[in-house]
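Below you'll find the structure, written out as structure tokens, and then a few comments.
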Amino acid sequence: EADIYQTPRYLVIGTGKKITLECSQTMGHDKMYWYQQDPGMELHLIHYSYGVNSTEKGDLSSESTVSRIRTEHFPLTLESARPSHTSQYLCASSDYSEAFFGQGTRLTVV
Amino acid sequence: AQKITQTQPGMFVQEKEAVTLDCTYDTSDPSYGLFWYKQPSSGEMIFLIYQGSYDQQNATEGRYSLNFQKARKSANLVISASQLGDSAMYFCAMREGGSQGNLIFGKGTKLSVKP
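These protein sequences, in sequence, are chains A and B.
Just add 699 to the spot in the first sequence (first one is 1) and you have our numbering.
Just add 40 to the spot in the second sequence (first one is 1) and you have our numbering.
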């Protein structure tokens, strides 16, 4: 069973607000990811991390930032939310033969 | 070039029948892993099955099995005895270069199970 959690599950927020999407896992995985996905569409990698103090940008350019101060925690921050940021954000962690996702955060910026 | 190709945007299957969802991949790395996920309308990504490039046997997990044909670079998902609850999007993914590689996803196949 996957032990990876995202909060909040749903978020509606006004333009210009700063938001942080939380992601935590208790499986001890070093590798973690953030994906962005519009409904029914493919997943786009926006950030990943190899471990503590490692963060890298993914294939899709994103205005968000991430941090990895602890192995189990990989939060994503948007300094100033815009309607174009409306999407689902999925966090994942992986080991050699397994890769689990959190439940996702559906973000709506109004 | 697409690393993961899922050629079936949508599929229909009759309840209790078996269905095969296609996935082909492109890599020159001898070490890679292949994953399948189910995404219901609620949006979460559910891990179904994993196949390593060096695994000799096809992976199986309950009603899910992976038809791994290495020479053809294909990793099709077979769902036996389809159930209404199997209706969802299904994504194939690949990770190259061991546990540090990134998960690369296909565009997905929408499966609809008819009663």
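All C-beta atoms in this analysis are idealised placements derived from N, C-alpha and C, irrespective of residue type, glycine included.
Apply the 10 Å Cβ neighbour rule to residue i and answer buried if 16 or more other Cβ atoms are within range, or exposed otherwise.
i         : result
Gln97(B)  : exposed
Ala798(A) : buried
Gly715(A) : exposed
Tyr94(B)  : exposed
Ile745(A) : buried
Val751(A) : exposed
Glu136(B) : buried
Met666(A) : No answer is possible for residue 666(A): it lies beyond the span of chain A, which begins at 700 and ends at 809.
Ser776(A) : The question names Ser, but residue 776(A) in the sequence shown is Thr. It counts as exposed.
Thr149(B) : buried
Ile768(A) : exposed
Leu759(A) : exposed
Gln91(B)  : buried
Pull up the CB-CB distance for residue i and residue j, whole angstroms please, since I reckon it's below 8 Å.
i         : j         : result
Lys756(A) : Gln140(B) : At roughly 16 Å, the Cβ-Cβ gap does not stay under 8 Å, so Lys756(A) and Gln140(B) are not in contact.
Cys63(B)  : Leu117(B) : 7 Å
Gln736(A) : Gln787(A) : 5 Å
Leu143(B) : Phe87(B)  : Their Cβ separation, rounded to whole angstroms, is 11 Å, which puts Leu143(B) and Phe87(B) out of contact at 8 Å.
Val808(A) : Pro774(A) : About 18 Å; that fails the 8 Å criterion.
Roughly how many whole angstroms lie between the Cα atoms of residue i and residue j?
i         : j         : result
Pro707(A) : Asn107(B) : 37 Å
Asp702(A) : Ser753(A) : 21 Å
Gln109(B) : His784(A) : 39 Å
Ala791(A) : Glu57(B)  : 32 Å
Ala128(B) : Lys78(B)  : 6 Å
Ala780(A) : Ala121(B) : 45 Å
Phe52(B)  : Val153(B) : 6 Å
Gly801(A) : Ser68(B)  : 30 Å
Gly713(A) : Arg103(B) : 44 Å
Asp66(B)  : Lys113(B) : 7 Å
Glu762(A) : Lys717(A) : 12 Å
Tyr130(B) : Tyr709(A) : 23 Å
Gly83(B)  : Pro738(A) : 8 Å
Val711(A) : Leu806(A) : 6 Å
Cys132(B) : Thr45(B)  : 8 Å
Thr60(B)  : Gly803(A) : 27 Å
By the DSSP assignment, the beta strand (DSSP E) with residue i in it spans what residues?
i         : result
Thr719(A) : 718 to 724
Met731(A) : 730 to 736
Ala798(A) : 798 to 800
Lys150(B) : 149 to 154
Ala791(A) : 786 to 793
Tyr704(A) : 703 to 706
Thr804(A) : 804 to 808
Leu710(A) : 709 to 712
Ser766(A) : Here Ser766(A) belongs to no beta strand (DSSP E), and DSSP marks it neither H nor E.
Got a sec: is the Cβ-Cβ distance from residue i to anything in chain E below 8 Å?
i         : result
Tyr709(A) : Annotation note: the requested chain E is absent from the structure, which comprises protein chains A and B.
Ranges of the beta strand (DSSP E) found wholly within the stretch 50 to 137 of chain B, counting only runs of at least 3: 50 to 54, 59 to 61, 72 to 79, 86 to 92, 104 to 109, 114 to 119, 128 to 136
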